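All remarks here apply to the structure that follows.
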Amino acid sequence: MDYQYWNPEIEKMPRADLQALQLAKLRAAVERALGTSFYRKRFAGAGITSADGVKSLEDLKRVPFTTKQDLRDGFPWDFLGIAREDVVRLHASSGTTGIPTTIYFNRGDLGRWASYVARCIYGTGCTKRDVFQNMISYGLFTGGLGFHAGAEEVGMMVIPSGSGNTTRQFRLMRDFGTTVLHATPSFLLHVESRMKEEGYSLEDFALKRAFAGAEPYSEDTRRRIEDLLHIDVFNSYGLSEMNGPGVAFECQEKNGLHLWEDGYIAEIINPETLENTRDGEPGELVLTILCREATPLFRYRTRDLTGFYTEPCPCGRTHRRLRRITGRSDDMLIINGVNVFPSQIEEVIMAMREVGNNYLIVVEKDGVLDRITVKTEVGPDIFMDDSRPLNALREKIRKTIQASITINPRVELHEHGSLPVSEGKAVRVKDLRPRDV
Ligand code: DLL
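Below is the structure:
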């Protein structure tokens, strides 16, 4: 195979040199992070008062983990490592309301982020002759703007179509000869399922590749999209706390995601014991970011369950490959690419006096998209035979949940005391989505 490298020197760097580079960047990151109120305290607790406290990569393990809760507790400025006037952009994690997790960027950070995404895109075989349709949300979510900048850096013609509006997506795809798509895997399936009824067939398009990420999906789903659209689908992994997309990506081999180790230090831990697992063993991914100045993060617990392949990749890149992410070690749900914590829904329900104590969240596939249904009991004073107030209540719950999680749920009201009560731990979430679509 003819492999393409955006930055061959870095991508094929011998591992010893790569580790030396990591250490130099880590020490610089520690020095800068001492300027944030969060890490000044954290590092002091670990006995680190300057970069000299980190003499080897092993020393990083003296630093305690950072969690999403730490980011929330430190909102809005405790993680800011630069002067406020040097911040040029912020992004916030999708699906977290109340207190979001906010990440700041300076100009250099944005340039570096774009070059990591460009590296991912170019490594799949794309060139400046490609036409790139970015069918993912722009805004606080990192998927839109992150890929936009990377694709422009490669020199592709970028169509910033955003997510949704399938009819328009087809027209753009046809009129401009789109060759590369970017979307969540569920949206790619949705687009395919609408093609015929919108009056198109594959011959109307020039599609070659798609990048699919932001939510877990199986190898079978990848194959299904590839077979239906006659394209190559590449897995794309990232998270807002680590900039967004551009953390790990599949190369032309499509067998594991190269995690860019000149920008990130990766560890895999056992989520129960918090010990590092042995090489190649599965566990939770923990990341330290080396390629961002404005918001340093050390040993961030991603909650994503994966592991590293131990054998080298035939493409010649020396950066280790992650296995497909199979799930999370916390209860976060990903609904059509949007992160939702069941606690957000519980907060809404429990704040309404008219609603009873028991509820159940059901997540299912509705065609190729995810659908969320919130089943909740009404309070003891509400009678199920009077439909007018019930409809109003249902609508109120729906709207409030939508405002909180940005997704429109179905709401079902049930008579007081009628939803099943489980013995032991309450089962609040039923995720009925098949693992292998
Ligand atoms: O989803 C960033 C992104 C945008 C990645 C576009 C890829 C493409 P968040 O909204 O912060 O950021 O969600 C991050 O989504 O911790 C994983 O649980 C999940 N996730 C992201 N990519 C994948 C993937 C973006 N390829 C959370 N496979 C992460 C499985 C994924 N899960």
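Take 8 as the starting number for the sequence shown in my numbering and just add one per residue. Idealized CB from N, CA, C, for every residue including glycine. Quick caveat: nothing in here was measured; it's all calculated off a predicted structure.
| Check | Outcome |
| --- | --- |
| Local Cβ density within 10 Å of F390, reported as buried at 16 or more and exposed below that | exposed |
| Rounded C-alpha distance that separates G52 from V37 | 14 Å |
| Residue from G287, F194, E205 and I296 with nearest C-alpha to I110 | I296 |
| Continuous beta strand (DSSP E) stretch holding L78: start and end | Per DSSP, L78 belongs to no beta strand (DSSP E); it is in the alpha helix (DSSP H), K75 to D80. |
| Of the residues E279, E361 and D66, the one placed nearest G386, counting alpha carbons only | E361 |
| Buried or exposed (CB count within 10 angstroms, at least 16 for buried), D377 | buried |
| Helix, strand or coil at F194 [DSSP, three-state] | helix |
| Nearest-angstrom Cα separation, counted from H189 out to M142 | 6 Å |
| C-beta contact flag for T333 and T317 at 9 Å | no |
| Reference E210, options D182, T228 and H197, closest by Cα | D182 |
| C-beta contact flag for R216 and T173 at 9 Å | no |
| Top-ranked residue by Cα proximity to V124, from S208, L266 and K406 | L266 |
| Whole-angstrom distance between L147 and E233, CA atom to CA atom | 29 Å |
| 7 Å CB neighbourhood of V375 in its chain, flanking five on each side removed | S193, L196, H197 and S200 |
| Length of the line joining the Cα atoms of V370 and D438 | 5 Å |
| Simplified DSSP assignment, three categories, for Q259 | coil |
| heavy atom of the ligand DLL below 8 Å from I414 C-beta | no |
| CB contact flag (T302, G88, <9 Å) | yes |
| Three-way DSSP call (helix, strand, coil) for L25 in this model | helix |
| DSSP state of A125 mapped onto helix, strand, coil | helix |
| Opening and closing residue of the alpha helix (DSSP H) in which A410 lies | S394 to I412 |
| Proximal residues to I408 (C-beta, below 7 Å), its chain only, five neighbours per side dropped | I352, V355, V381 and P416 |
| Extent of the continuous alpha helix (DSSP H) to which M357 belongs | P349 to M357 |
| Check: A273 C-beta below 8 Å from any heavy atom of the ligand DLL | no |
| Three-state secondary structure (DSSP) of M391 | coil |
| Element boundaries [alpha helix (DSSP H), containing K135] | No alpha helix (DSSP H) holds K135; DSSP gives it neither H nor E. |
| CB of N447 within 9 Å of CB of S170, strictly | Outside the shown range of the chain (8 to 444) lies residue 447, about which nothing can therefore be said. |
| Coil, strand or helix - R31 by DSSP | Arg is not the amino acid found at residue 31; the sequence shown has Ala there. Looking at A31 - three-state DSSP - the assignment turns out to be helix. |
| Segments assigned beta strand (DSSP E), at least 3 residues, entirely inside the region 168 to 212 | 187 to 190 |
| Euclidean distance between Cα positions of H423 and E384 | 5 Å |
| Inter-residue spacing [alpha-carbon to alpha-carbon] between S425 and G363 | 10 Å |
| Inter-residue Cα distance where the pair is T186 and L67 | 43 Å |
| Unbroken beta strand (DSSP E) run spanning L292, endpoints | G290 to I296 |
| Spatially closest choice to P319 from M8, Y12, P21 and W13, by CA coordinates | P21 |
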